[in-house]
Every structure is written in C-alpha cells, then in structure tokens.
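Contents: one structure, followed by commentary.
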Amino acid sequence: MTEQPIDVLIIGAGASGAAMAWSLAETRMRIVCLEQGDMMKPANYPSAGRDWEARSQAEFSISPNQRQLPVDYPIAEEGSPIKVANFNGVGGGTVLYAGHFPRFHPSDFHVKSLDGVADDWPVDYATLAPHYAENDRMMGVAGLPGDPAYPGDNAKRMPPLPLGKTGEALAKGFNKLNWHWWPSDTAITTEPYDGRDKCINLGACLSGCAQGAKASTDITYWPHAMRAGVELRTRCRVREITVDEDGMATGVIYYDGDGVEHALQAHVVVLACNGVGTPRILLNSKSIAFPDGLANSSGLVGKNLMFHPYASIMGVFDEQLDGYKGPNKCIRSQEFYETDTTRDFVRGYTLEIVRGFGPVSTAISGLQRNKIPWGAGHHRAFRSLFNHVAGMVAICEDLPEEHNRVTLDPDLKDSDGIPAPRINYTLSQNSLKMMEHAIARGSEVLRAAGAHDIFTQAPISYGGWHLMGTARMGTDPARSVVNEWGRSHDVKNLFVIDGSIFVTSAGVNPTRTIQALALYIAEQMKQRLANLFD
Amino acid sequence: MSDQDITGVAATSFTDEETQILKILVDMIIPASDEYSLPGAADAVIFADILATAEARHGPVCAALSALDELARESQDNGFTALDLDQRDGLVVEFRRLHPAAADLLATITVQCYYRDDRVMRALDMETRPPFPAGFTVDQGDWSLLNPVRGRPEFYRKAP
C-alpha cells in the first residue's frame, strides 16, 4: 500500500539531518526521516563493559568495512590511501566522533580570493555566525572564549574540559616555543546541560558516550525534533530518489529492515547522508531524464572528494600522563593554520592534542611498532609505554581535486543489492608537504614538552573521518551541484545539507560547520516556503 | 576478567590441536612474570577468555593457527606442538615475518583479553571495572599556563 505523500523527506539522521529536522519542525509540515541504522542505546556502548577496547575495534569500529554490521554498506576503497570512517545509526558520525568542535575561520570561506586556489564559498562566516550560535545552543559546547586564532563570538560555553596531566605537559611545550594553543571547543558537557549529565572522563568518546555527555544528535536534536512531530524511521535504506516527467523529485524507494521494498512520496527531498552516502544515492538515481545520476548536469556529483589527511605525531614521556582517563581531546594549536607564503604549501592545519590510550591500544601499537616484544620482555616494555604515550594529530586542509571521487562500484553491492560506493583518491603534493611540515613541528613541540621516542604516521590510513565536497555548493550550475542555499540546480525540490556541499575543507573538524549550514539552509527554506521551487 | 565473569563460557569449536597451538602461542606472546607477579596469557582464566573471544573470529583464527602449524611441518617436519622451545622461538619469528596479518590477529586477541583480567589490571593500578558508570577523575591542570597565549594579539586572517 502506498502512503500518502509527505511534505519533507530527510534521508539520514546524523549531524545535519537531525539539525534540519528540528529546525523545520516548527513549520508543522509532515516530516519523515529515513535512517538505515538503528536508534542507539547508550547503555550498550563499549565503555559500559570491561571489554570496551575490544568492542571499539569490532562492532564500534569507525570503519564500515571492519564493522560489517547489517546496517552498514560496504565501500570499495582499495584505490585510496585513506579509508572511510562513518557510522550508520541515529546520530550518524556524531556517535563515534571525538566531539572536537571548532568553527571554520573567516578565511576558510575565501580560499580562492586569499590564496588563489580552489574556489570561494557562496556563503561566508558572517552568514553562518548566527547558525553556529544556534547549533551551539542545541549541541552544548564547552570551551573558553578569547582565542586569538578566532574572531570573538558570543557563544555560551560551558567550562573547558580539564587540561589534565597530558594537556599540561603539551601546553608547557607550546609555551616554550611561544606557539599558540587553546583549550578545544568540544561538544562535550562539563556541567549538566539540556537533560544531559556532565562528562565523567570515561575516556571512550570514540565508541559512543554511555554517559550522554558527548553531543551525538540522537540525544541532542532528535528528542526535540520528535517531540515536535518529526517521524524518524530506522532500518530504512534508500535505494534511489524518484522523479517525475518534469524533473522534480517525487520521493524515494527504500528497503526496510526485512529487505521489503517501499515507495515514499514527498514534496521535498533532503539528502543528509555524508560525502560518500549522498553521491552514492544521487548516482544510483538514474532515469531517462537524468542518465548520469540525479542533480548531475555539472558532472560534479561524487567529484572533489576531500578527507582531511591526518598525520599522527606521538611521543613517550617519562612522567605518567592521563592515559585512558578523560576525553580524547583537551587542547589544540592553530599556530600553523593560516597560509604562510614562506612555506612550500598553501593553507594550513590544526594540531589536536591526543590525551592518551588504553592498555589494549597501548599494547597493540607497541607490538606493531616493535617497541613491545613477544616474550619475556613484554611486561617491562609495556609498562614503559602505558600511560606514558601522548601527542597529537595534525588535521590538514584538503583542497578539492576532481579526480578524487566517489563512483559506483560495478560489482560490490550492499545486503539489499544496491551498488556500493567506490573511492578513488590520491594525496596531493600540497597535502604531502603540509603533513611533512606538521610532523616536523609536532615533533618539535613534543620534544619541547619532554617527550622522546617520537613516532609518526602520515596519513592515518583509517582516518577518513571527514567526507566532503562531492556535491559542492555554488552559484554557477556548471561548477556546482547545489546553489548557495543547498538546493539542487537541476531538481528544484531536492536539497543537500551534509558535508558533500563543502567547497573547501578548512583545517578543522567539520561537524559544527555542517550543522550550521544545515540550520542556515533550513532557515532559507522556511523563508521561501511560498516560492521554494521557483 | 574474573573467574566469575567467564563462568558458563560455552565450549568452543576449536579442535584440541588448535586449542593447544593457540595456548602455546599466547604463552609465547605474554609469558608469566615473576618480576611483576603476573600471570601469563596461557593462565586458565585468561586463556578461557581468549578462546571465547577467538570464537567470534573462528575462521581467520583457524587459518592463522593452520598457517603456523604448516610452517612448522615444512621447516621442522613436525607439528608446532611437538617442537621444543628453541624451535618454537625460531618458528614464531618466521611466522610473524611471513604472516604478519595472522600474527597481528592472534596477538590482538591475546592482549584484548589479557589486559582486562582482574590480576593484570590491579598490577597496573587500574580499577577492576568498566569505565562507565563510575568514570574517572582528571586533574584540571594549571590554567595559568594559558596566560602567555591570552596576551597574544588576534592572528586570524580577515575575510576580504
């Protein structure tokens, strides 16, 4: 039986889908969100068990190809040195993210004008500023105002996460070099907030927060959106967006958890499936009118994939640090964030301090680096590393290149028979030089902080946390997939609101900006309801 | 984990030979330590946890154990369990060189189980409990370290 058409259909219940659903709820339109994963049960998160580290490397792994859960889709990614990280469930990637929550900088929206590379965004920092603030209120942000790396803002923040022993050690290193550092803005509560309790330093942020202190959207936006009338359906995997003879989207075809096919009609369709899932659906939505996939007259759907190449720089300290206790993040440095023409690369990076590791991670890392032997020397070597390793990751700005792309794999399919995405990606010379610079500077600050036995990895191979650029926004239909307020140039009732629409990536975690953009687009839609499709 | 935690672990589907190979190998990865008064990974409680955990990855674990045993038969004309200590030591070095992914899998399962044993956690000054719901205490640290940065002028680039 076919359902009555709904007003707005949102595909994906992660960072952006949740924000959009909540914002549109006040219109009293009938809004349905289809999510291929499940509603999360925080009591089942790994940190509630003694086997928390093992489970974080299995069913809570960041890699869908490692998790291989029924709700996951496979990704052909042998053509990329960086593997995709994601999570399929209500909350999406925010279930497993670290909660590191920086804003973009004003310069990040003007890359072409300032540095002569890539493109400028069709929106700027000032446009997004009120939406950043609204999102901060919904998610709850801890931090400290006054960072000289950013313009001032009026965001209400909870007190920052504790420095701890690790943050203190690294802060001393930065100070010795007279380099910038600042307590990270984090989407982690440090005092009770909106029904959530404060962080109790579980240390397992990356496998879901059982305390509910970390702002995943299943516990921030979704309770509010559902109370306001939005319907959220889980275990619903969209195969394609359907269109009519006028080229307008009519809804979707999806499979439920039992693999039964359904059609759902909608007046407006919103894609919020991340920079891999969104182009996958668009490319799978072929029709006579759109033989190359939906919304793809520019040929740019799936192209310009940006990841953020990450470099890891760790060292061994003589003193005991925080280890497995406390949120993974505490402070960051943006000393090398803005373009410096004396360097051999453009743009820059953020150094995010990593507080430490649990015993299993310590042992596995030590074994893999041959710092912990098999046999009698295991115990002594382990003790020299456990709670003594810390450092940082450099999150490097990735610039768009059309050959870095998401396509459909000709053979690989998910459990419903839907063609899976294929990733082809190469690191640019600019990224390689930037990572090299970050490793050198990161090593310098670690030595200044007293670390020795520094070890590095670049790129972090399983570090494709940020999926951006594959349905970019812009004012020119020949050079972009959606317009300056997220509407497809080709299909006037189709919107994209996830990281796919990023024009450039900046050198910071994208979630806060993804959500601010989603709220901005929702606001634009509400203001244009009378002529939304003109 | 404690004895109580593993009570009721179902019998695994590993053969006796596979179980014996795995037990010898995990003891080579993490032997007992008199110096730190620690059990080895072949300790009865820890090994029961390892077996139960390995069951979830039965196929790859069996393949890894088979690769080790075949290597023993090729180079020593004997199964792994029949080798003496010196022969095993040499063979394991070769196994890690030739089959790094298999060796990593077995080592990973071993450390995952070893470092959640009560005795091991206590020896590392860890509380024998999961992180949630009690959580942990983290020092605030010395926030006066931020004073030099607070005095720094803004250095972000202005939008054009």
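Protein chains in written order, with my numbering: chain C, -9 to 524; chain W, 97 to 256. Where is the CB? At the ideal position from N, CA and C, for every residue including glycine. A quick note: this is a predicted structure, and the numbers were derived from the prediction, not measured.
Rounded distance between the beta-carbons of residue j and residue i, thought under 8 Å
i	j	result
C/Leu417	C/Pro71	6 Å
C/Ala496	C/Asp143	Actually they are not in contact, since the Cβ atoms of C/Ala496 and C/Asp143 sit about 16 Å apart, beyond 8 Å.
W/Val216	W/Leu134	6 Å
C/Ser37	C/Ser197	7 Å
C/Tyr35	C/Ala203	About 12 Å separates the two Cβ atoms, so there is no contact after all.
C/Met30	C/Gly81	6 Å
C/Arg337	C/Leu295	Contact doesn't hold; Cβ gap of about 17 Å is too wide.
C/Gly305	C/Phe347	Not a contact, Cβ separation roughly 13 Å.
C/Asp208	C/Arg225	About 15 Å separates the two Cβ atoms, so there is no contact after all.
C/Arg395	C/Asn414	6 Å
C/Ile343	C/Lys319	7 Å
C/His479	C/Ser287	7 Å
C/Pro138	W/Arg248	5 Å
Cβ pair residue i, residue j closer than 9 Å
i	j	result
C/Leu189	C/Tyr87	Checking the sequence, you will find Cys at residue 189 of chain C rather than Leu. No, the Cβ-Cβ distance between C/Cys189 and C/Tyr87 is not below 9 Å.
C/Ala441	C/Gly7	no
C/Asp399	C/Ala66	yes
W/Asp214	W/Thr224	yes
C/Ala508	C/Ala285	no
C/Leu436	C/Ala239	no
C/Cys23	C/Val266	no
C/Tyr300	C/Gly130	no
C/Asn377	C/Gln310	yes
C/Arg477	C/Asp109	no
W/Ile117	W/Thr206	no
C/Thr268	C/Val61	no
Terminal residues of the beta strand (DSSP E) in which residue i lies
i	result
C/Ser323	Ile321 to Ser323
C/Ser374	Here C/Ser374 belongs to no beta strand (DSSP E); instead the alpha helix (DSSP H) covers His368 to Leu375.
C/Met382	Val379 to Cys386
C/Ala301	Tyr300 to Val306
C/Arg45	Per DSSP, C/Arg45 belongs to no beta strand (DSSP E); it is in the alpha helix (DSSP H), Trp42 to Ser46.
W/Val216	First-last for W/Val216: Asp214 to Ala219, but that is the alpha helix (DSSP H), not the beta strand (DSSP E).
C/His442	His442 to Gln447
C/Leu341	Tyr339 to Val344
Delimiting residues of the alpha helix (DSSP H) encompassing residue i
i	result
W/Cys209	Pro196 to Tyr210
W/Tyr132	Here W/Tyr132 belongs to no alpha helix (DSSP H), and DSSP marks it neither H nor E.
C/Gln419	Gln419 to Ala438
W/Ile142	Ala140 to Glu151
C/Ile511	Thr501 to Gln517
C/Val233	It is not in any alpha helix (DSSP H) - C/Val233 instead sits in the beta strand (DSSP E) that spans Arg227 to Val233.
C/Lys162	Gly154 to Leu167
W/Glu166	His154 to Gln172
C/Val56	With the sequence shown as reference, residue 56 of chain C is identified as Gln, and Val is not the correct amino acid for it. From DSSP, the alpha helix (DSSP H) with C/Gln56 extends over Pro54 to Arg57.
W/Asp123	Asp112 to Ile125
C/Thr117	Tyr115 to Met129
C/Ser405	Unbroken run through C/Ser405: none, as it is neither H nor E.
Bridge partner(s) assigned by DSSP for residue i
i	result
C/Asp28	C/Gly79
C/Arg412	C/Ala66 and C/Thr397
C/His252	C/Tyr244
W/Ala255	DSSP lists no partner for W/Ala255.
C/Cys23	C/Ile0 and C/Leu222
C/Tyr35	The partner list for C/Tyr35 (beta bridge, DSSP) is empty, contrary to what the question assumes.
C/Leu261	C/Ile1 and C/Val486
C/Ser478	C/Val472
C/Gly106	DSSP output for C/Gly106 lists no bridge partner at all.
C/His90	C/Thr176
C/Val74	C/Gly454
C/Arg186	C/Tyr183
C/Lys204	C/Ile178
beta-carbon residue i near the ligand MG non-hydrogen atom, thresh 8 Å
i	result
C/Gly476	Here there are no bound small molecules, and the ligand MG is not part of this structure.
Taking any Cβ of chain W, which residues in the segment 90 to 113 of chain C have a Cβ under 8 Å from it, in chain order?
For the segment 90 to 113 of chain C, which is checked against every Cβ of chain W, the residues closer than 8 Å are His95, Pro96, Ser97, Phe99, His100, Ser103 and Leu104.
Name the residues in the segment 168 to 201 of chain C whose C-beta lies less than 7 Å from a C-beta of chain W; which are they?
Listed by position along the chain: His170, Trp171, Trp172, Ile190, Asn191, Leu192, Gly193, Ala194, Ala200 and Gln201.
Quick one, which residues of the segment 361 to 373 of chain C are near chain W if we go by CB-CB under 7 Å, in chain order?
Under the 7 Å Cβ criterion, the segment 361 to 373 of chain C contributes Trp364, Gly365, Ala366, His368 and His369.
Given a limit of 7 Å on CB to CB distance, which residues of the segment 374 to 388 of chain C reach chain W?
Taking 7 Å as the cut-off between beta carbons, the residues of the segment 374 to 388 of chain C near chain W are Phe376, in sequence order.
For the segment 454 to 476 of chain C, which residues have a CB atom closer than 7 Å to at least one CB atom of chain W, in sequence order?
Residues: none.
Listed in chain order, which residues of the segment 117 to 132 of chain W have Cβ atoms closer than 8 Å to some Cβ of chain C?
Answer in chain order: Met124, Ile125, Ile126, Pro127, Ser129, Glu131 and Tyr132.
Note down, in chain order, all residues in the segment 233 to 247 of chain W with a beta-carbon under 8 Å from any beta-carbon belonging to chain C.
From the segment 233 to 247 of chain W, only Thr233, Val234, Asp235, Gln236, Gly237, Asp238, Trp239, Leu241, Leu242, Pro244, Val245 and Arg246 have a Cβ closer than 8 Å to chain C.
Any residues in the segment 138 to 156 of chain C with a beta carbon nearer than 7 Å to a beta carbon of chain W? Which ones, in chain order?
Residues of the segment 138 to 156 of chain C with a C-beta atom less than 7 Å from some C-beta of chain W are Pro138, Ala139, Tyr140, Pro141, Pro152, Leu153, Gly154 and Lys155, listed in chain order.
Along the segment 314 to 326 of chain C, where does the CB come closer than 7 Å to a CB of chain W? Name the residues.
Taking a C-beta cut-off of 7 Å against chain W, the contacting residues of the segment 314 to 326 of chain C are Lys315 and Gly316, listed in chain order.
Taking only beta carbons into account, state which residues of the segment 6 to 40 of chain C come closer than 8 Å to chain W, listed in chain order.
Within the segment 6 to 40 of chain C, the residues whose Cβ lies closer than 8 Å to any Cβ of chain W are, in chain order, Tyr35, Ser37, Ala38, Gly39 and Arg40.
Scan the segment 59 to 79 of chain C for residues whose Cβ lies nearer than 8 Å to a Cβ of chain W and list them as they occur along the chain.
Result list empty, no residue passes.
Any residues in the segment 211 to 225 of chain W with a beta carbon nearer than 7 Å to a beta carbon of chain C? Which ones, in chain order?
Answer set for the segment 211 to 225 of chain W: Tyr211, Arg212 and Leu220.
Chain W contacts made by the segment 201 to 214 of chain C, where a contact means CB separation under 9 Å
Result list: Gln201.
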